[in-house]
Structures are given as structure tokens and as C-alpha cells.
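Numbering (the working numbering), first residue to last: 86 to 353.
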Amino acid sequence: MAPDDTTRPNEELAVERLDGGEGSEPLVLVHGFTQTARCWGPFGTDLAATRDVVAVDAPGHGRSSTVRADLSEGAELLGAVGGRATYVGYSMGGRLALHLALAHPDLADRLVLIGATAGIDDEGERAERRRADERLADHLEDVGVDAFLEEWLAQPLFAALSPDAACLPERRRNSAAGLASSLRLAGTGTQRPLWDELSRLTMPVLLLVGVQDRKFTALAERMASAIGPRATICAVAGAGHSVHLEAPTPTATLLGQWLDDHPIERAG
Numbered sequence: 086m087a088p089d090d091t092t093r094p095n096e097e098l099a100v101e102r103l104d105g106g107e108g109s110e111p112l113v114l115v116h117g118f119t120q121t122a123r124c125w126g127p128f129g130t131d132l133a134a135t136r137d138v139v140a141v142d143a144p145g146h147g148r149s150s151t152v153r154a155d156l157s158e159g160a161e162l163l164g165a166v167g168g169r170a171t172y173v174g175y176s177m178g179g180r181l182a183l184h185l186a187l188a189h190p191d192l193a194d195r196l197v198l199i200g201a202t203a204g205i206d207d208e209g210e211r212a213e214r215r216r217a218d219e220r221l222a223d224h225l226e227d228v229g230v231d232a233f234l235e236e237w238l239a240q241p242l243f244a245a246l247s248p249d250a251a252c253l254p255e256r257r258r259n260s261a262a263g264l265a266s267s268l269r270l271a272g273t274g275t276q277r278p279l280w281d282e283l284s285r286l287t288m289p290v291l292l293l294v295g296v297q298d299r300k301f302t303a304l305a306e307r308m309a310s311a312i313g314p315r316a317t318i319c320a321v322a323g324a325g326h327s328v329h330l331e332a333p334t335p336t337a338t339l340l341g342q343w344l345d346d347h348p349i350e351r352a353g
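Laid out in C-alpha cells, this is it:
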């Protein structure tokens with residue numbers, strides 16, 4: 086994946102166009118917490134071989150590090166730079182893409198959620214998660230990005246990531262202030278539960294998970310049930326939470342097949 090050096094003003098999200106085939110089918114990729122638009126690795130490269138792929142730096146990350154936005158505001162910014170497209174979001178990026186699809190279904194031709202959730206139901210659990218994210222943001226600002234990333238990637242959730250897939254040099258380009266703002270404004274505890282709104286999704290939805298990620302596999306099954314027949318679950322064997330990074334080629338192949346099976350008809 087060879088990104089260009091295009092810059093955007095601070096009121097917009099920065100984007101990277103991935104080298105490869107520029108077809109008529111735009112895909113917008115939205116990364117997870119502590120990553121950047123340059124962290125899609127072979128998965129992004131595989132997709133860009135046949136499709137027009139644009140990766141976004143989410144608020145508080147990468148070259149959007151000075152952008153401050155909650156999930157609803159971030160979804161508006163995402164739609165402004167992504168336009169009408171298929172949106173592919175991982176974890177935090179999935180929650181941003183989900184907000185966009187619900188707020189602006191006219192912009193989301195299709196929705197692909199990788200290891201994402203529709204939120205925490207219990208009000209007390211949400212409040213505790215907000216407090217935990219606030220403490221984590223304070224800690225990040227205290228210890229700095231490098232030390233924080235060492236702790237963050239040591240979690241069991243990311244145990245299967247190889248050094249290359251972890252994309253550590255690029256994650257280190259993030260700022261403590263930007264990442265802390267993301268935790269405080271767009272952490273899972275700040276998200277209103279969207280479970281009762283999932284049935285409003287009108288576009289095809291793919292829920293991608295790793296078989297070893299039991300928590301998010303269960304969440305994907307619940308989301309699929311709430312969305313209805315427009316939803317498809319694909320579980321990749323031998324992979325966990327970061328399924329697209331742990332098993333990039335099989336995951337990209339599954340996604341490509343699903344895209345082919347759900348063509349988008351555009352007028353004109």
C-alpha cells in the first residue's frame with residue numbers, strides 16, 4: 086500500500102488513496118483506535134487491486150490528529166470526505182461507519198463492520214466505561230504515545246498480531262492529545278445504544294469477525310438478528326479481533342466475494 090501525500094485542512098478528515106485499480110466502485114476504509122489510514126496493510130492492498138479505495142484518518146488520529154469530534158460529528162465528517170460509497174469500518178471505525186449509515190443511508194451503498202458493536206445497553210455499564218476511558222485518556226497523556234501503545238497492544242485482544250500487522254511505526258505518529266480526545270469523545274461508553282435502530286439500515290451489511298474473537302462474534306450475531314435479512318456474517322477461521330490484519334488475504338477474498346454478490350446499481 087503506497088499512500089499519497091494529499092493533505093486536508095483541519096476541519097476535514099485527511100484521506101489516503103491506496104494505489105491499485107481505480108474501478109467504479111468506491112470503498113472507504115475507517116481504521117480502529119490508535120491506528121491511521123496507513124494501517125490497512127495487505128488487506129487494503131488486495132482491495133485496491135480491483136477497486137477505488139480511500140482510507141480515512143479518523144478524528145484524533147494520523148493527519149486528522151487535531152480534529153475533535155464525537156461519533157455523530159465524526160460520522161458527518163466521514164460522509165463529507167467519503168461521499169457515496171461502501172464504508173468499511175474496523176472497531177472504532179466500525180462504530181463511526183454505523184453512525185454514518187444510520188444518519189445518511191443515502192451515502193452508504195453498503196456497510197462492512199469488522200469487530201464492531203452497536204453499543205452498551207446497560208446505563209451503569211456505559212457510565213463505568215466512560216469513566217474507564219477517561220482514566221485511560223489521563224494515563225495516555227501522562228506516559229506518552231510510545232509507552233501507551235506498548236501497553237495497548239499487549240492486551241489479549243491483539244495477541245495474534247504480527248509486528249508488521251501491528252503497524253507500530255505508524256501508530257507512533259499519533260499524538261497523545263489526539264488519541265486522548267478520541268477516547269473521551271468517541272469511546273464506546275459515549276455511544277448511545279443503537280440496537281433498536283439497526284432495523285432502519287436499508288443497505289446490505291456485512292459483519293466480519295474472527296472465529297477466535299468470541300465476544301465480537303456474539304455481538305455480530307446479535308447485530309445480524311436486529312438488522313434482519315440484509316445482514317450477512319462472515320467468520321474467518323484462525324483469526325481474532327483484528328481479523329483483516331491477522332488473515333488479510335482470506336478476509337479480503339471474503340469481502341470481495343460479498344461485494345460481488347451485492348452489486349450496487351448507480352443511475353447514469
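Yeah, the Cβ is synthetic: ideal placement off N, Cα and C, and Gly gets one too.
Note that the structure is predicted; figures quoted are calculated from it, not measured.
For residue i, name the three-state secondary structure that DSSP assigns.
{"i": "Pro111", "result": "strand"}
{"i": "Gly295", "result": "strand"}
{"i": "Val141", "result": "strand"}
{"i": "Arg195", "result": "strand"}
{"i": "Val228", "result": "helix"}
{"i": "Ala250", "result": "helix"}
Please determine, among the options, the residue with the shortest C-alpha to C-alpha distance to residue i.
{"i": "Gly145", "options": "Gly129, Gly117, Gly126, Glu306", "result": "Gly117"}
{"i": "Val139", "options": "Glu255, Leu112, Arg299, Met177", "result": "Leu112"}
{"i": "Asp359", "options": "Ala99, Thr119, Glu110, Leu103", "result": "Since the first residue of the chain shown is 86 and the last is 353, residue 359 is not available in this structure."}
{"i": "Arg269", "options": "Ala154, Ala186, Ala134, Arg315", "result": "Ala154"}
{"i": "Glu110", "options": "Ala122, Thr171, Trp237, Glu213", "result": "Thr171"}
Assuming residue i contacts residue j (C-beta within less than 8 Å), just tell me the rounded distance between them.
{"i": "Gly168", "j": "Gly200", "result": "The pair is not a contact, with the Cβ atoms about 25 Å apart (cut-off 8 Å)."}
Quick one: residues in its chain with C-beta nearer than 6 Å to the C-beta of residue i, no 5 flanking neighbours on either side, listed in chain order?
{"i": "Leu339", "result": "Cys319"}
{"i": "Ala188", "result": "Ala160"}
{"i": "Asp298", "result": "Gly325, His326"}
Cα separation between residue i and residue j?
{"i": "Arg216", "j": "Leu283", "result": "26 Å"}
{"i": "Arg136", "j": "Pro335", "result": "17 Å"}
{"i": "Leu196", "j": "Ala143", "result": "17 Å"}
{"i": "Lys300", "j": "Gly323", "result": "15 Å"}
{"i": "Leu330", "j": "Pro248", "result": "11 Å"}
{"i": "Asp345", "j": "Ser176", "result": "24 Å"}
{"i": "His347", "j": "Pro289", "result": "7 Å"}
{"i": "Leu98", "j": "Leu114", "result": "12 Å"}
{"i": "Gly164", "j": "Leu185", "result": "7 Å"}
{"i": "Cys124", "j": "Glu210", "result": "31 Å"}
{"i": "Trp343", "j": "Ala133", "result": "16 Å"}
{"i": "Gly229", "j": "Arg214", "result": "21 Å"}
Excluding the 5 residues flanking residue i on each side, which residues of the same chain have their C-beta closer than 7 Å to its C-beta?
{"i": "Pro333", "result": "Gly126, Pro127, Phe128, Asp131"}
What does a CB cutoff of less than 8 Å around residue i pick up in its chain, not counting 5 residues either side in sequence?
{"i": "Ser157", "result": "His184, Ala188"}
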